[in-house]
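Undergrad:
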Amino acid sequence: MLAFPSTRLSHDKRVASFRWSRMEKRVFFRATWLPWVLLAPQLLIVAVFFFWPAGQALVQSLQQQDAFGSSVSWVGLDNFRALWNDSTYLASFQTTVVFSTLVAVLGLGCALLLAVFADRVVKGATLYKTILILPYAVAPVVSGLLWSFMFSTSIGVISWALHRLGFDWNHLLNGDHAMALVVMASVWKQISYNFLFFLAGLNAIPKSLIEAAAMDGAHPWRRFWTIQLPLLAPTTFFLLVINMVYAFFDTFAIIDSTTQGGPGKATSTLVYRVYFDGFRAMDYGGSAAQSVILMVIVIALTVVQFRYIEKKVHY
Amino acid sequence: MVERSTTRGILAHAIMILGALVVAFPIYLAFVASTHAPQELMQSPMPLLPGSHLWASYSAALNGGGQNNAAMPVARMIWVSFVITMIITVGKISISLLSAFAVVYFRFPLRQLCFWAIFITLMLPVEVRIGPTYQVVADLGMINTYAGLSIPLIASATATFLFRQFFLTVPEELVEAARVDGAGPMRFFKDILLPLSVTSMAALFVIQFIYGWNQYLWPLITATSQDMYPIGVGLKQILGTGDSAPEWNVVMATAMLAMLPPAFVVVLMQKWFVKGLVDTEK
Numbered sequence: 085m086l087a088f089p090s091t092r093l094s095h096d097k098r099v100a101s102f103r104w105s106r107m108e109k110r111v112f113f114r115a116t117w118l119p120w121v122l123l124a125p126q127l128l129i130v131a132v133f134f135f136w137p138a139g140q141a142l143v144q145s146l147q148q149q150d151a152f153g154s155s156v157s158w159v160g161l162d163n164f165r166a167l168w169n170d171s172t173y174l175a176s177f178q179t180t181v182v183f184s185t186l187v188a189v190l191g192l193g194c195a196l197l198l199a200v201f202a203d204r205v206v207k208g209a210t211l212y213k214t215i216l217i218l219p220y221a222v223a224p225v226v227s228g229l230l231w232s233f234m235f236s237t238s239i240g241v242i243s244w245a246l247h248r249l250g251f252d253w254n255h256l257l258n259g260d261h262a263m264a265l266v267v268m269a270s271v272w273k274q275i276s277y278n279f280l281f282f283l284a285g286l287n288a289i290p291k292s293l294i295e296a297a298a299m300d301g302a303h304p305w306r307r308f309w310t311i312q313l314p315l316l317a318p319t320t321f322f323l324l325v326i327n328m329v330y331a332f333f334d335t336f337a338i339i340d341s342t343t344q345g346g347p348g349k350a351t352s353t354l355v356y357r358v359y360f361d362g363f364r365a366m367d368y369g370g371s372a373a374q375s376v377i378l379m380v381i382v383i384a385l386t387v388v389q390f391r392y393i394e395k396k397v398h399y
Numbered sequence: 471m472v473e474r475s476t477t478r479g480i481l482a483h484a485i486m487i488l489g490a491l492v493v494a495f496p497i498y499l500a501f502v503a504s505t506h507a508p509q510e511l512m513q514s515p516m517p518l519l520p521g522s523h524l525w526a527s528y529s530a531a532l533n534g535g536g537q538n539n540a541a542m543p544v545a546r547m548i549w550v551s552f553v554i555t556m557i558i559t560v561g562k563i564s565i566s567l568l569s570a571f572a573v574v575y576f577r578f579p580l581r582q583l584c585f586w587a588i589f590i591t592l593m594l595p596v597e598v599r600i601g602p603t604y605q606v607v608a609d610l611g612m613i614n615t616y617a618g619l620s621i622p623l624i625a626s627a628t629a630t631f632l633f634r635q636f637f638l639t640v641p642e643e644l645v646e647a648a649r650v651d652g653a654g655p656m657r658f659f660k661d662i663l664l665p666l667s668v669t670s671m672a673a674l675f676v677i678q679f680i681y682g683w684n685q686y687l688w689p690l691i692t693a694t695s696q697d698m699y700p701i702g703v704g705l706k707q708i709l710g711t712g713d714s715a716p717e718w719n720v721v722m723a724t725a726m727l728a729m730l731p732p733a734f735v736v737v738l739m740q741k742w743f744v745k746g747l748v749d750t751e752k
């Protein structure tokens with residue numbers, strides 16, 4: 085059952101032909117049907133629930149269906165053209181970019197600050213850490229609910245305090261307030277994840293580097309800027325991509341439970357539009373075309389991420 | 471030696487305490503709200519210390535005694551969430567173990583193609599292809615079933631990717647030793663590979679448990695009857711549509727109940743979970 089590669093040459097050829105092959109087993113089992121049996125469950129699920137729908141999305145994006153689903157016609161790229169000419173769709177593109185940037189920058193900033201200080205404290209570190217990872221366990225829909233409760237115009241504690249300070253908070257009418265609310269709820273939910281990665285990154289920096297800098301008279305602030313921050317660059321970049329993906333796709337529940345895309349379309353992101361157009365407005369063609377656009381965006385983000393992983397291998 | 475300064479130590483603690491307070495406050499407030507009677511929450515500002523209404527709120531939520539969830543006891547939602555989460559968690563871990571074993575330890579035609587067919591799913595979360603996936607599930611008659619609510623979410627390669635990475639670090643000598651002892655591939659899988667993978671499995675269990683428990687968009691469209699609502703979707707229904715003021719104490723009791731199981735899993739399995747998260751970069 086077990087076999088070694090027949091010649092050294094074939095092994096080297098594999099290495100040359102495919103990057104990741106360097107990380108392959110030299111020793112393996114040889115069987116004709118067994119690997120297929122092992123792969124069957126996953127391949128079946130992936131085929132039925134991934135490739136079939138993804139293919140459907142491509143096909144439907146080129147079709148137009150009437151509201152009752154009784155007739156379907158091919159319309160070429162009309163759905164995409166309609167989106168291109170739809171100012172509200174372009175606006176939700178812009179909303180998504182603003183929202184994702186805010187979530188990523190604020191989320192990384194707060195998490196980095198906490199991680200740097202968590203790295204310094206010794207006593208009580210476990211308690212702080214346990215509290216800070218709690219939001220990871222909270223469902224996005226619950227996170228949205230908690231934050232809209234605090235900022236509720238009628239009974240919210242924070243909105244009451246803001247009112248006392250002379251600031252009228254109303255995320256039901258003011259688009260900027262609504263955006264601030266979904267950003268806060270999203271950052272809060274994601275802070276645990278960023279914090280854990282930054283902390284792991286800081287732990288990976290050799291203590292001797294910090295000590296050497298300290299002996300040379302570098303103060304903590306200076307050590308942070310000249311040693312820790314540059315060495316955290318790969319972690320930061322990785323987190324940046326992850327946070328963008330998170331803000332794009334995983335925040336649907338937060339938006340649905342706080343603002344439902346409103347007021348107007350102020351917090352309607354691309355994923356929210358896909359759902360709204362497809363399941364509320366029953367525009368399947370338009371929704372499928374939006375799905376295809378989103379797929380292209382994710383693939384682009386993933387390619388960036390893979391580039392980064394390859395780079396990291398070289399270091 | 472890095473200097474230890476008292477003022478800096480105090481500053482570090484101050485920032486950590488501030489951070490922990492800000493992070494914990496929304497959860498604390500939800501807890502406080504769940505312990506008061508609805509009318510107590512209507513005053514401005516609402517009380518910031520726990521009240522005496524805890525039992526009433528939670529039993530109203532669990533047994534369906536609130537005005538908006540009379541027909542939707544949260545106990546049922548927790549059960550639905552639990553079943554879905556377990557199917558996703560156990561299903562994903564099992565099929566991923568098998569497929570990762572196949573792509574790492576065997577050579578067969580089209581192996582590279584299978585590998586990519588599985589790994590491309592990493593790229594497209596279900597949110598992106600939500601409409602067509604819904605139609606496929608509807609065509610298969612799986613709307614409002616546990617299978618329909620869970621199996622499409624198994625179609626992602628995160629776990630396969632982690633197990634593949636882990637298997638590649640397992641020393642090759644173990645396979646050679648197994649061969650010398652006359653063990654076949656399945657014997658090797660069961661007696662050597664599985665015991666070695668326990669830590670990875672524990673880490674994945676936490677990550678997938680959270681993933682499954684916190685699903686919202688998919689069940690929102692696939693669960694159309696109330697008795698198949700998982701807790702996230704149910705919570706939104708209990709909150710109501712805005713016609714009447716929600717019973718905040720029941721809503722918040724439900725939110726607390728929704729947070730409890732995943733929080734429990736994360737805190738209890740903190741060590742594995744952190745390791746798994748950082749190792750998989752997921």
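First to last, the sequence lines map onto chains A and B. FYI, the numbering for the first sequence is 85 to 399, going by the numbering used here. FYI, the numbering for the second sequence is 471 to 752, going by the numbering used here. C-beta: ideal position from N, C-alpha, C; glycine also.
(1) I624 (chain B) versus chain A: which residues are under 7 Å apart at the beta carbon?
(2) Please say whether M542 (chain B) and Q685 (chain B) have beta carbons closer to each other than 9 Å?
(3) Determine which residues of the stretch 212 to 231 of chain A have a Cβ less than 7 Å from any Cβ of chain B, and write them out in chain order.
(4) Quick check: I326 (chain A) and Y277 (chain A), are their CB atoms within less than 9 Å of each other?
(5) Over what stretch of residues does the beta strand (DSSP E) that includes S670 (chain B) continue unbroken?
(6) Keeping to the same chain, check which residues put their C-beta closer than 7 Å to that of V358 (chain A); ignore five residues upstream and five downstream.
(7) So, do the stretch 731 to 739 of chain B and the stretch 216 to 231 of chain A have three or more beta carbon pairs nearer to each other than 8 Å?
(8) State yes or no: is the beta carbon of F418 (chain B) nearer than 9 Å to at least one beta carbon in chain A?
(9) Going straight from the alpha carbon of Q344 (chain A) to that of L265 (chain A), what length do you get?
(10) Which residues, in order along the stretch 363 to 379 of chain A, keep a beta-carbon less than 8 Å from a beta-carbon of chain B?
(11) What is the C-beta distance between A625 (chain B) and T591 (chain B), in whole angstroms, given that I count them as a contact (C-beta under 8 Å)?
(12) Rounded to whole angstroms, what's the CA-CA distance from P732 (chain B) to D162 (chain A)? Just pull it up for me.
(13) Which bits of chain A does R546 (chain B) rub up against, with CB to CB less than 9 Å?
(14) So with CB distances below 8 Å, who are the chain A contacts of H506 (chain B)?
(15) Please list the partners that W272 (chain A) has in chain B, where partner means a Cβ-to-Cβ separation under 9 Å.
(16) When DSSP labels each residue in this structure, what does F251 (chain A) get in the three-state scheme?
(17) Taking the alpha helix (DSSP H) that Q312 (chain A) belongs to, which residues open and close that run?
(18) Indicate whether A188 (chain A) and M328 (chain A) have their beta-carbon atoms separated by less than 9 Å.
(19) What span of residues does the beta strand (DSSP E) with W525 (chain B) cover, start to end?
(20) Report the residue from A:W231, A:T351, A:H255, A:S238 whose alpha carbon sits nearest the alpha carbon of L499 (chain B).
(21) Within the same chain, show all residues whose beta-carbon is closer than 8 Å to that of R649 (chain B), passing over the 5 residues directly before and after it, in chain order.
(22) List the residues of chain B whose Cβ lies closer than 8 Å to the Cβ of P304 (chain A), in chain order.
(23) Output the distance between the C-alpha atoms of V130 (chain A) and I588 (chain B), rounded to the nearest integer angstrom.
(24) Apply the 10 Å Cβ neighbour rule to L519 (chain B) and answer buried if 16 or more other Cβ atoms are within range, or exposed otherwise.
TA: Considering the structure as presented:
(1) I129
(2) no
(3) Y212, T214, I215, L216, I217, L218, P219, Y220, A221, V222, A223, P224, V225, V226, L229, L230, W231
(4) Contact flag set, yes.
(5) Judged by DSSP secondary structure, S670 (chain B) falls outside any beta strand (DSSP E) and instead within the alpha helix (DSSP H) spanning 668 to 683.
(6) S371, Q374, S375, L378
(7) Proximity of the stretch 731 to 739 of chain B to the stretch 216 to 231 of chain A meets the contact definition, three or more beta-carbon pairs being nearer than 8 Å.
(8) Nothing about residue 418 (chain B) can be reported from this structure: the residues present for chain B run from 471 to 752 only.
(9) 12 Å
(10) Listed by position, the residues of the stretch 363 to 379 of chain A near chain B (Cβ gap below 8 Å) are F363, Y368, S371, A372, S375, L378, M379.
(11) 6 Å
(12) 45 Å
(13) Under the 9 Å cutoff, chain A gives no residues; its nearest Cβ is about 18 Å from R546 (chain B).
(14) What H506 (chain B) touches in chain A: nothing, since even the nearest Cβ is about 11 Å away.
(15) V492, V493, P496
(16) coil
(17) First-last for Q312 (chain A): undefined, no H or E at that position.
(18) yes
(19) Here W525 (chain B) belongs to no beta strand (DSSP E); instead the alpha helix (DSSP H) covers 524 to 533.
(20) A:W231
(21) none
(22) R478
(23) 7 Å
(24) exposed
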